[in-house]
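Colleague: Every position in the sequence shown, counted from 1, becomes a number in our numbering once 895 is added. Yeah, the Cβ is synthetic: ideal placement off N, Cα and C, and Gly gets one too.
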Amino acid sequence: MTSKILAERYQVQRQLGKQTGRQTLLARDLQTQKLVVIKQLFLGSDFEWQDLKLFEREAETLKALDHPAIPRYLDYLEIDEPDSKGFALVQTYVEGKTLEEHLRSGRTFSESDVKELAKALLEILSYLHEQNPPVIHRDIKPSNILLHSRSGHSVGQVYLVDFGSVQNQAAKFGGTITVVGTYGYMAPEQFGGRSVPASDLYGLGATLIYLVTGLHPTELPQQDLRIQFADRVTHINSNLIDWLQWMTEPSLNKRLSSAGESLRLLKNPRQIDKIPRAVQPPGSDIKLIKNSDFIEIVIPPQGISLGLIALLAPPTLYARNISTLASIPMNSWIYKLAITVKFLIIKISGTYVCVVGVVFLFALFRELRLRIDRQKISYGSHLLGLRWNHSKPAPRQDICQLEFRTTVKSQDRSSKAFEVIVQAGDQKYRLHGNRLHGLSESEIEWLATELSQWLGVKIKRTSTDKIDEW
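1. Please report the straight-line C-alpha distance between L1042 and Y971, rounded to a whole angstrom.
2. How about the region 964-984 and the region 998-1013: do they share at least three Cβ pairs that are nearer than 8 Å?
3. Among T987, T1102 and L998, which one has its Cα closest to the Cα of I1035?
4. Using the DSSP secondary-structure output, state which residues sit across from D1268 in a beta bridge.
5. I believe L1297 touches I1339 by the beta-carbon criterion, under 8 Å. Please report the beta-carbon distance rounded to the nearest angstrom.
6. For my contact list, L921 and R904 are in at a C-beta cut-off of 8 Å; report their separation, rounded to the angstrom.
7. Give the DSSP-derived three-state secondary structure of G912 in the structure shown.
8. Note down, in chain order, each residue of its chain lying with its Cβ closer than 6 Å to the Cβ of K899, except the 5 sequence neighbours on either side.
9. Can you give the beta carbon distance from G1079 to H1111, rounded, assuming they're within the 8 Å contact cut?
10. Can you grab the Cα-Cα spacing for the pair K958 / I1272, in whole Å?
11. Return the residue from the list I1192, R1291 and Q1026 that minimises the CA-CA distance to A1319.
12. Using only alpha-carbon positions, find the residue among R923, R1033 and E955 that is nearest to V989.
13. Could you have a look at K1067 and say whether DSSP puts it in helix, strand or coil?
14. Could you check where the beta strand (DSSP E) with Q935 kicks off and where it finishes?
15. In chain order, which continuous runs of the beta strand (DSSP E) of length 3 or greater are located wholly inside the region 1333-1362?
16. Just to check my reading of the structure: A1082 and S1152 have Cβ atoms closer than 8 Å, yes? What is that Cβ distance to the nearest angstrom?
17. With burial defined as no fewer than 16 other Cβ atoms inside 10 Å of the residue's Cβ, what is the status of D1095: buried or exposed?
18. Go ahead and label L1120 buried or exposed: buried means 16 or more other beta carbons lie within 10 angstroms of its beta carbon, across all protein chains shown.
19. Quick one: Cα of L1265 to Cα of W1341, how far?
20. How far does the alpha helix (DSSP H) with D1293 in it extend, from its first residue to its last?
21. By the 10 Å Cβ neighbour count, where 16 or more other Cβ atoms means buried, how is T956 classified, buried or exposed?
22. Can you tell me the Cα-Cα spacing of E1006 and E953, whole angstroms?
23. How is the alpha helix (DSSP H) around D1008 delimited, first residue to last?
24. Which whole-angstrom value describes the C-beta separation of S1090 and Q1062, a residue pair presumed to lie in contact below a C-beta threshold of 8 Å?
25. Who does K1182 pair with in a DSSP beta bridge?
26. Would you kindly work out how many angstroms separate the C-alpha atoms of P1196 and E1345, rounded to a whole number?
27. Just curious, the beta strand (DSSP E) that T987 is in, first and last residue?
28. Write down the C-beta distance between L1016 and G1109 rounded to the nearest angstrom, noting that I regard them as a contact closer than 8 Å.
29. Judging by CA-CA distance, which residue of A1173, E1336 and R1045 is the nearest neighbour of T993?
30. Considering just the uninterrupted stretch of the alpha helix (DSSP H) at F1313, what are its terminal residues?
31. How many Å lie between Y1105 and E996 at the Cα?
32. With distance defined between alpha-carbon atoms, name the residue in L1020, D1293 and G1051 nearest to L1099.
33. Look at G916 and L936 and say whether their C-beta atoms are less than 8 Å apart.
34. If you drop the 5 nearest sequence neighbours on each side, which residues of the same chain put their C-beta closer than 6 Å to that of A983?
35. Can you give me the C-alpha to C-alpha distance between K980 and Q945, rounded to a whole angstrom?
36. Among residues of its own chain, excluding the 5 on either side of K1169, which ones have a beta-carbon nearer than 6 Å to its beta-carbon?
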C-alpha cells in the first residue's frame, strides 16, 4: 500500500478509513511534498449512481468553498487500473483527532470548552449557509469534527470535514429523495428527505449533547422525539441546557432557524431560570403564558363600568320626552314639528342603541392578545371566535426595542398614562395603561419586566408631557 502511487503523483502513506465501495487514504503529493487526503469511490458490483452523484457534489462543493476550517479541494481523478476503477477526490490534509476519538480516549469537555466548540462550529455553519445557494452539510456529528493544536485553556483549532452528504438548497428540488445523515444526529425532517440550514443546527446540538453527557443521542431516552438529557448534566448551566434543547427541537417551527441567531443566543442567553420571575400585581386578571417556545399576554374583557351604564341614559330621556306629544293638538305646527323630531330621534336612537350594543359586546367579551414566539410577534383582538390583528405580524428577529413610556397630561400633572411598547422594525405593538384598557401602572411594569426577561432585551424608560395617542 505504501509504495503505491496514484496518477503518478500521490504516494499512498496509509489507509484512514474504509467502507463498502469506498476508502480514504493519506498520501503525499510528490510535487509539493505535502500530505493530502484522497477519498476513493469504486465502480464495483455494489455501486449505485446516487453514490456517484453525492461524490461529485462533494467535489464541486469543496471547489467553491474557501474557509480555513474546511478542507480545500485540490484535485479530482478518474481511476482506471486493472484491479480497480472509479473516481478520487484529493483534498488538503487536516491534522488532528475527531471529537469521537477524543471522547473514546477519555477526554472530557468543560462547559467553556463546549461553548468554544459551539461558537467555532456556528461560525463555520454561518459561512456555509450564507453561500448562494446555501450549503447544508447534513451530517454534523462527532466523527466529522476535528480538533488540533490544543493549548492552555483553548479547546484547539476546530475543523469540519467530510462533505460527502452535502446538499445545496438548489439541489433539493430534484426528482429523487435522498435520506442522508447519521441516526441520532439527523433532524426529523431529514428522514423525509428534506434538509434546511436548521437541520445542521440539530446535528450540532446533538453532538454537543454527546459531549456533555458522554452518551450518543441514541443512548439517551426520548419523549415526543425530544432528547432527554437535562437530568444527566447537573454541572452545566441551565441557560446552556435551554439552548441545547432549543437547538434540538424536533419541530422546525420551534427550533432555532439560523446559525447567526444560535450564536447570538449562545452569547446572550435568555435568563428565564436565573432571573426571579416578576410578581403579578394583586387583583390583576391578566393571563400570562410563558415557556421556552413563546410568551403570550391575554388582557381580559374590560367589563361593565359606570361610564358604560351612563351611555344608556340618552335613549331613556328621549322616550320620556316623546311621551308628552299626547297633550299637543294634532293640527298645530308644533305637533307636526314634534312628529318630525320624534322620527329623527327614533332613527338616531336606533343607531345609538346599536353603537352602545357593540361597545357593551366589546366590554363583555373582547380579549386582547400579544404573542411572541420564535418566528413572529402578533397583537390582536379575540371576540366570540372572531380574530383580527391591530398590527401586521412581524418577524421575531426584527424586535429591536422594549420601551416603558410614561405620559403626563400638561394641564394636570397628576394625570398619567402608561404603556409598554415592543418595537419590531417599523412596527410598534402597544399595551396601554389608560382609560381604554384600564391597566394599572403596576400591571404595565410587570408586563414590561416579563417581556424583558423572555426576550433578553433591556427596558428603555421614557417620559413625555403631552397626550396625543390616547
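Modeller: Reading off the structure:
1. The residue labelled residue 1042 in the question sits at position 147 within the sequence shown. The residue labelled residue 971 in the question sits at position 76 within the sequence shown. If I take the Cα positions, the gap works out to 26 Å.
2. no
3. If you number the sequence shown from 1, residue 1035 lands on position 140. The residue with the shortest Cα to Cα distance from I1035 is T1102.
4. Here residue 1268 corresponds to residue number 373 of the sequence shown, with the count starting at 1. Beta-bridge pairing links D1268 to F1189.
5. On the sequence shown, residue 1297 is found 402 positions in, with the first residue counted as 1. On the sequence shown, residue 1339 is found 444 positions in, with the first residue counted as 1. No, L1297 and I1339 are not in contact; Cβ-Cβ is about 12 Å, not under 8 Å.
6. In the sequence shown, counting from the first residue as 1, residue 921 sits at position 26. In the sequence shown, counting from the first residue as 1, residue 904 sits at position 9. That pair is no contact at about 15 Å.
7. Here residue 912 refers to the residue found at position 17 when the sequence shown is read from its first residue. DSSP places G912 in strand when its eight states are reduced to three.
8. As a first step, residue 899 must be located in the sequence shown, where it is residue number 4. Excluding sequence neighbours, K899 sits near V907.
9. On the sequence shown, position 184 is the one that residue 1079 refers to. On the sequence shown, position 216 is the one that residue 1111 refers to. 5 Å between Cβ atoms; contact.
10. Here residue 958 refers to the residue found at position 63 of the sequence shown. Here residue 1272 refers to the residue found at position 377 of the sequence shown. The alpha-carbon atoms of K958 and I1272 are separated by roughly 41 Å.
11. Position 424 of the sequence shown, counted from the first residue, corresponds to residue 1319. Nearest option by C-alpha distance: R1291.
12. The residue labelled residue 989 in the question sits at position 94 within the sequence shown. Comparing Cα-Cα distances from V989 to each of R923, R1033 and E955, the minimum goes to R923.
13. Here residue 1067 corresponds to residue number 172 of the sequence shown, with the count starting at 1. Its pLDDT being 48, under 50, K1067 is placed unreliably in this model, and the coordinates cannot settle the point.
14. By 1-based counting over the sequence shown, the position of residue 935 is 40. Taken as a continuous stretch (DSSP letters only), the beta strand (DSSP E) holding Q935 covers L930 to F937.
15. 1354-1359
16. Along the sequence shown, read from residue 1 onward, the residue named residue 1082 stands at position 187. Along the sequence shown, read from residue 1 onward, the residue named residue 1152 stands at position 257. Between S1152 and A1082 the Cβ distance is about 12 Å, and since that is not below 8 Å, they are no contact.
17. Against the sequence shown, residue 1095 aligns to sequence position 200. Label assigned to D1095: buried.
18. Translated into positions along the sequence shown, residue 1120 becomes position 225. With fewer than 16 other Cβ atoms within 10 Å, it is exposed.
19. Taking the first residue of the sequence shown as 1, we reach residue 1265 at position 370. Taking the first residue of the sequence shown as 1, we reach residue 1341 at position 446. Rounded to the nearest angstrom, the two C-alpha atoms are 14 Å apart.
20. Locating residue 1293 in the sequence shown gives position 398, where the first residue counts as 1. Element bounds for D1293: n/a, residue is neither H nor E.
21. Translated into the one-based positions of the sequence shown, residue 956 becomes position 61. T956 comes out buried.
22. In the sequence shown, residue 1006 corresponds to position 111, counting from 1. In the sequence shown, residue 953 corresponds to position 58, counting from 1. In a straight line, the C-alpha of E1006 is about 33 Å away from that of E953.
23. Against the sequence shown, residue 1008 aligns to sequence position 113. E1006 to H1024 is the extent of the alpha helix (DSSP H) around D1008.
24. Taking the sequence shown and counting its residues from 1, one reaches residue 1090 at position 195. Taking the sequence shown and counting its residues from 1, one reaches residue 1062 at position 167. Going by Cβ atoms, the distance from S1090 to Q1062 rounds to 5 Å, so yes, they are a contact pair.
25. On the sequence shown, residue 1182 is found 287 positions in, with the first residue counted as 1. Answer is V1193.
26. As a first step, residue 1196 is located in the sequence shown; it is residue number 301 there, counting from the start. As a first step, residue 1345 is located in the sequence shown; it is residue number 450 there, counting from the start. Approximately 21 Å, taken between the alpha carbons.
27. As a first step, residue 987 must be located in the sequence shown, where it is residue number 92. Run containing T987: S979 to T987, per the beta strand (DSSP E) assignment.
28. Counting from one through the sequence shown, the residue named residue 1016 turns up at place 121. Counting from one through the sequence shown, the residue named residue 1109 turns up at place 214. That belief does not hold up - the Cβ atoms of L1016 and G1109 are roughly 19 Å apart, past 8 Å.
29. Locating residue 993 in the sequence shown gives position 98, where the first residue counts as 1. Of the listed residues, the one whose Cα sits closest to T993 is R1045.
30. What you label residue 1313 is simply residue 418 of the sequence shown in a count that begins at 1. From DSSP, F1313 is part of no alpha helix (DSSP H) but of the beta strand (DSSP E) over K1311 to A1319.
31. Residue 1105 sits at position 210 when you count from the first residue of the sequence shown. Residue 996 sits at position 101 when you count from the first residue of the sequence shown. Approximately 13 Å between the Cα atoms of the pair.
32. Position 204 of the sequence shown holds residue 1099. It is L1020.
33. Your numbering for residue 916 matches position 21 in the sequence shown. Your numbering for residue 936 matches position 41 in the sequence shown. Cβ atoms of G916 and L936: closer than 8 Å.
34. Walking along the sequence shown from the start, residue 983 turns up at place 88. So the qualifying residues of the chain are I933, Q935, L972 and I974.
35. Here residue 980 is taken as the residue at index 85 of the sequence shown, counted from 1. Here residue 945 is taken as the residue at index 50 of the sequence shown, counted from 1. Those two C-alpha atoms are separated by around 17 Å.
36. Numbered from its first residue, the sequence shown carries residue 1169 at position 274. Bear in mind that the predicted position of K1169 carries a pLDDT of just 46, short of 50, making it too unreliable to give a figure here.
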